[in-house]
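Working notes for the structure below.
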Amino acid sequence: MGVVHRDLKPENIVIQGSHTNPSLKLIDFGFANEVAGIDVDTLLTACGTPAYVAPEILERKPYGTHADMWSVGVIVYMLLCGYPPFKHESQAMMFRQIRTGTYVFHSPYWDEVSPEAKDFVSKLLVVNAHERMTAQEALAHPWLMTSKEQSKRHLSSVMIE
Numbered sequence: 026m027g028v029v030h031r032d033l034k035p036e037n038i039v040i041q042g043s044h045t046n047p048s049l050k051l052i053d054f055g056f057a058n059e060v061a062g063i064d065v066d067t068l069l070t071a072c073g074t075p076a077y078v079a080p081e082i083l084e085r086k087p088y089g090t091h092a093d094m095w096s097v098g099v100i101v102y103m104l105l106c107g108y109p110p111f112k113h114e115s116q117a118m119m120f121r122q123i124r125t126g127t128y129v130f131h132s133p134y135w136d137e138v139s140p141e142a143k144d145f146v147s148k149l150l151v152v153n154a155h156e157r158m159t160a161q162e163a164l165a166h167p168w169l170m171t172s173k174e175q176s177k178r179h180l181s182s183v184m185i186e
């Protein structure tokens with residue numbers, strides 16, 4: 026069994042705990058639904074916040090947990106540069122960008138972002154849901170593994186000082 030949140034966005038992520046031991050919590054499970062497994066696409070309802078919605082939802086194709094991974098890609102893109110990957114005055118044009126996976130790593134905003142981070146985002150913002158990175162693959166991605174090691178080194182050097 027799995028759960029598809031269907032409305033992942035920064036507003037639905039809460040940081041809880043102290044600054045030394047924070048944890049992320051998801052909130053607002055109003056659109057959430059259970060699915061039989063990771064690769065099971067049984068959901069059909071179009072829902073979610075437009076800028077974060079996956080192409081398969083816009084195409085009214087059956088979808089599952091891969092739709093949430095698209096939203097994670099949008100969120101990470103925004104966290105790294107400060108603006109969304111898909112944006113247009115016209116919602117129809119924004120939906121076209123989403124359907125075609127048309128986004129850019131604009132300079133100067135992305136100049137200092139590592140190639141591994143860009144690869145992470147690129148593997149989440151894949152139009153074909155079954156080619157998109159899964160949650161397990163994302164957790165094992167080199168960018169997250171490198172980030173964990175750098176965080177440990179940074180924390181230990183701070184503790185020594």
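Numbered according to the numbering used here, the sequence shown spans residues 26 to 186.
Think of the CB as a built atom: it goes at the ideal place given N, C-alpha and C, for glycine as much as any other residue.
Handout entry: When 120, 72, 134 are compared against residue 102, the one with the closest alpha-carbon
Key = Counting from 1 along the sequence shown, the entry for residue 102 is found at position 77. Cα-wise, what sits closest to residue 102 is 134.
Practice task
Check whether the region 39 to 51 touches the region 82 to 102, counting contact only when three or more Cβ pairs, one atom from each stretch, lie closer than 8 angstroms.
Solution key: The region 39 to 51 is not in contact with the region 82 to 102.
Exercise for the section: Please report how far the alpha carbon of residue 70 lies from the alpha carbon of residue 56, in whole angstroms. Expected result: Indexing the sequence shown from 1 puts residue 70 at position 45. Indexing the sequence shown from 1 puts residue 56 at position 31. Cα-Cα distance, rounded: 9 angstroms.
Practice task
Note the first and the last residue of the continuous beta strand (DSSP E) segment covering residue 49.
Solution key: One-based indexing of the sequence shown puts residue 49 at position 24. Bounds of the beta strand (DSSP E) holding residue 49 are 48 to 51.
Exercise for the section: Could you give the DSSP three-state label for residue 185: helix, strand or coil? Expected result: Your numbering for residue 185 matches position 160 in the sequence shown. At residue 185 the pLDDT is 40, less than 50, meaning the model places this residue with poor confidence and gives no usable figure here.
Problem - CA-to-CA distance, residue 111 to residue 122, given in whole angstroms - result: Sequence index remark: in the sequence shown, residue 122 carries index 97 (1-based). Sequence index remark: in the sequence shown, residue 111 carries index 86 (1-based). Using only the alpha carbons, I get a separation of about 6 angstroms.
Practice task
Starting from residue 40, follow its DSSP beta bridges and name the residues at the other end.
Solution key: In the sequence shown, counting from the first residue as 1, residue 40 sits at position 15. Residue 40 is bridged to 49.
Handout entry: Which listed residue (53, 159, 148) has its alpha carbon closest to that of residue 31
Key = Residue numbering aside, residue 31 sits at position 6 when the sequence shown is read from its first letter. When only C-alpha atoms are compared, the closest one is 53.
Practice task
Would you list, in sequence order, the uninterrupted alpha helix (DSSP H) runs of no fewer than 4 residues that lie entirely inside the region 92 to 147?
Solution key: Here the runs fully enclosed are 116 to 125.
Exercise for the section: Return helix, strand or coil for residue 68, following the three-state DSSP convention. Expected result: Your numbering for residue 68 matches position 43 in the sequence shown. Here residue 68 sits in strand by DSSP.
Exercise for the section: Can you grab the Cα-Cα spacing for the pair residue 49 / residue 104, in whole Å? Expected result: Position 24 of the sequence shown, counted from the start, is the residue given in the question as residue 49. Position 79 of the sequence shown, counted from the start, is the residue given in the question as residue 104. Computed Cα separation, rounded: 15 angstroms.
Handout entry: residue 126 and residue 164 closer than 8 angstroms at C-beta
Key = For the purposes of this step, residue 126 is taken as residue 101 along the sequence shown, with counting starting at 1. For the purposes of this step, residue 164 is taken as residue 139 along the sequence shown, with counting starting at 1. At least 8 angstroms separates the beta-carbon of residue 126 from that of residue 164.
Practice task
Note the first and the last residue of the continuous beta strand (DSSP E) segment covering residue 1.
Solution key: The first residue shown for the chain is 26 and the last is 186, placing residue 1 beyond what the model contains.
Problem - Test item: CB-CB of residue 160 and residue 81 under 8 angstroms - result: The residue labelled residue 160 in the question sits at position 135 within the sequence shown. The residue labelled residue 81 in the question sits at position 56 within the sequence shown. For residue 160 and residue 81, no; Cβs fall outside 8 angstroms.
Problem - Own chain residues within Cβ distance below 8 angstroms of residue 75, not counting five before or after - result: In the sequence shown, counting from the first residue as 1, residue 75 sits at position 50. Excluding residues within five positions, the ones whose Cβ falls inside 8 angstroms are 116, 119, 120.
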